[in-house]
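2 protein chains.
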Amino acid sequence: MQKKGILLVLSGPSGAGKGTVCQGLIKSSSSMELSISVTTRESRPGEENGKNYFFISKEEFHQMLEEDQLLEYAKVYDNYYGTPRRWVEEKLEQGEDVLLEIDIQGALQIKNKFPESILIFVVPPSINELQARLIRRGTDRDDVIQKRLGCVQGELQEIPKYDYIVVNDKLEDAVDEVTAILKAEKCRPKRFSLQKYLQTGGLS
Amino acid sequence: MQKKGILLVLSGPSGAGKGTVCQGLIKSSSSMELSISVTTRESRPGEENGKNYFFISKEEFHQMLEEDQLLEYAKVYDNYYGTPRRWVEEKLEQGEDVLLEIDIQGALQIKNKFPESILIFVVPPSINELQARLIRRGTDRDDVIQKRLGCVQGELQEIPKYDYIVVNDKLEDAVDEVTAILKAEKCRPKRFSLQKYLQTGGLS
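In the order they appear, the protein sequences are chains H and W. Be aware that the first sequence starts at 54, since it is given in my numbering, and climbs by one per residue. Be aware that the second sequence starts at 54, since it is given in my numbering, and climbs by one per residue.
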């Protein structure tokens, strides 16, 4: 019996290691797809349409918005980014699980529009470790790092709105936990069709 | 940080294989304890107090009942059986997970008294397979088997009251699923203390 996939949303403070956890998950599962965003920004050399992003015009973006075709969206500088509802729903219908890495505001927008999504908050093992990771990563200036750390206290207040929290200490353990969450969510009674069970004489 | 254990309640139709799944779980985990019931029936040769059951008098049983010391109880013929709240709570406080195999009425009583318990409904892969298992088990007479099968339709109606449903087709997969459920439930935000996280500088 073909069952619908699950939309897994990973978010959390910058530097928690969401991206690395996502990569680990995609590697470990053959039926998991990383969500592809639409964006109005221009493609950069090496980027492929339909792989890194769906590149669309501002007119197309606004039409998608009007037609409620975006599970969430954000404006960054002059460009828009969003998660296309139809693409996600098609994958789920095909039985694929869709993985989405996104900031906290985006995650909460998605839960609102798509309540059956599963929100996972990824935290570093400690605030000190978070700071160390941001410095080690070397992509942000000192004042940006301080700003990010200043946001963390507020971001952590959103944890109760999430379905799960994963402490990303050892990457392997964090991937294991997200994998367990996915497996557990597939055992929810609302995903079980009693009618089908009785009609077909079983599930296998 | 020592975290409280989880009370996992496995129930479902007779013949679904709850007992085998429980044995598999106990074997695969070092921090899981099988709940021990109190009973007013006499011990049989080979049974040990505090291992198979806690053997108590009817007076003691009624006192436990009055003091709300039983998470559930049932009368079978002239004897009483129950799940002792204090024993379960002590184990959970020590960080052990407690596993309880029980009929559907008992499971629903427990959820009522102890809402943080996790209820798992175990079903056979099909009704036909359930019948085959009951016959193969050879412990029940034909009319008892028919009676059990007659109950199943009503029992399946209780699935929505459960937290999870596990289809016990291959034992190994069923044990894996329950293990994943336990791991996922340990990632619930309500088990995460933000205060501790910020105070100790982390969780490790």
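Ideal Cβ positions, reconstructed from N, Cα and C, are used throughout, including at glycine.
Report, in whole angstroms, the separation of the C-beta atoms of Tyr133(H) and Phe114(H), which I expect to be a contact under 8 Å.
That belief holds up - the Cβ atoms of Tyr133(H) and Phe114(H) are roughly 5 Å apart, short of 8 Å.
What is the DSSP secondary structure of Ile109(H), reduced to helix, strand or coil?
Three-state DSSP puts Ile109(H) in coil, outside helix and strand.
Identify, in the order they occur along the chain, each residue of the same chain with its Cβ nearer than 7 Å to the Cβ of Trp140(W), setting aside the five sequence neighbours on each side.
Taken in chain order, the residues that qualify are Ile89.
Work out the CA separation of Glu120(H) and Val261(H) for me, nearest whole Å.
The question about residue 261(H) has no answer here: the residues shown for chain H are numbered 54 through 257.
Would you call the region 63-70 of chain H and the region 215-233 of chain H touching, i.e. three or more CB-CB distances under 8 Å?
As far as the Cβ criterion goes, the region 63-70 of chain H touches the region 215-233 of chain H, which means the pair count is three or higher.
Give the list of continuous alpha helix (DSSP H) stretches no shorter than 4 residues that lie fully inside the region 139-179 of chain H.
DSSP runs (the alpha helix (DSSP H)) wholly in the region 139-179 of chain H: 157-166.
Give me the chain W residues within the contact set of Pro137(H), using Cβ-Cβ distance strictly less than 8 Å, ordered along the chain.
Under the 8 Å cutoff, chain W gives no residues; its nearest Cβ is about 28 Å from Pro137(H).
For Val197(W), does the count of other Cβ atoms within 10 angstroms reach 16, so buried, or fall short, so exposed?
Exposed, by the Cβ-count rule.
Please return the same chain residues whose Cβ sits closer than 8 Å to the Cβ of Lys56(H), not counting the five positions on each side in sequence.
Hits under 8 Å: Gly148, Lys239, Arg244.
Buried or exposed for Lys144(H), going by 16 or more other Cβ atoms inside 10 Å?
So Lys144(H) ends up on the buried side.
Please confirm if Ala69(H) has its CB atom under 8 Å from at least one CB of chain W.
Judged by the 8 Å Cβ criterion, Ala69(H) is not in contact with chain W.
By the criterion of Cβ-Cβ separation under 9 Å, what are the contact partners of Val219(H) in chain W?
Those within 9 Å of Val219(H) in chain W are Cys240.
Could you pull out every residue in the same chain whose Cβ sits closer than 8 Å to the Cβ of Gly72(W), ignoring the five residues on either side in sequence?
For Gly72(W), where only same-chain residues beyond five positions count, the Cβ hits under 8 Å are Glu154.
Quick check: what's the CA-CA separation for Gln252(H) versus Lys236(H)?
Rounded to whole angstroms, Gln252(H) to Lys236(H) spans 25 Å at the Cα level.
Using the DSSP secondary-structure output, state which residues sit across from Lys128(H) in a beta bridge.
Paired residue(s): Tyr133(H).
Decide if Gln210(W) is buried, meaning its Cβ has at least 16 other Cβ atoms within 10 Å, or exposed.
Flag for Gln210(W) reads exposed.
For Leu247(W), return the contacting residues in chain H, with the cut-off set at a CB-CB distance below 7 Å.
Result: Leu209, Ile212.
In angstroms with no decimal places, state the Cα-to-Cα distance between Lys249(H) and Val220(W).
In a straight line, the C-alpha of Lys249(H) is about 14 Å away from that of Val220(W).
Between the C-alpha atoms of Leu187(H) and Ile173(H), what's the straight-line distance to the nearest angstrom?
Cα to Cα, the separation comes out at about 21 Å.
Quick check on DSSP: helix, strand or coil for Thr232(W)?
In the structure shown, Thr232(W) sits in a helix (DSSP, three-state: H, G or I).
Alpha carbons only, please: which of Leu183(W), Lys164(W), Ile171(W) is nearest the one belonging to Ile59(W)?
Among Leu183(W), Lys164(W), Ile171(W), the Cα nearest to that of Ile59(W) is on Ile171(W).
Are there 16 or more other CB atoms within 10 angstroms of the CB of Val176(W), so buried, or fewer, so exposed?
When all chains shown are included, Val176(W) counts as buried.
Assuming Leu118(H) and Thr136(H) make a contact with CB atoms under 8 Å, what is their CB distance in whole Å?
Actually they are not in contact, since the Cβ atoms of Leu118(H) and Thr136(H) sit about 12 Å apart, beyond 8 Å.
By how many angstroms is the C-alpha of Gly70(H) removed from the C-alpha of Arg189(H)?
For Arg189(H) and Gly70(H), the distance between alpha carbons rounds to 12 Å.
Consult DSSP for Met54(H) and reduce its assignment to one of helix, strand or coil.
Interpretation of Met54(H) is limited by its pLDDT of 49, a score under 50 that renders its predicted location unreliable; the figure taken from the coordinates is listed afterwards. Of the three classes helix, strand and coil, the one that applies to Met54(H) here is coil, per DSSP.
Would you identify the three-state DSSP class for Ser84(H), choosing helix, strand or coil?
Coil.
Find the residues of chain W that neighbour Lys236(H), judging by a C-beta separation of less than 7 Å, and give them in chain order.
Simply Glu230, Ala233.
I need the straight-line Cα distance from Lys166(W) to Lys223(W), nearest angstrom please.
Rounded to the nearest angstrom, the two C-alpha atoms are 32 Å apart.
Whole angstroms are fine: how far does the CA of Gln184(W) sit from the CA of Val91(H)?
Their Cα atoms are separated by approximately 52 Å.
Do you know offhand how far Asn102(W)'s Cα is from Thr93(W)'s?
Taking the straight line joining both Cα atoms gives about 12 Å.
Counting C-beta neighbours from all protein chains within 10 Å, is the total for Ser257(H) 16 or more, i.e. buried, or is it exposed?
Summary for Ser257(H): the model assigns pLDDT 44, below 50, so the residue's position carries little reliability, and this model does not support an answer.
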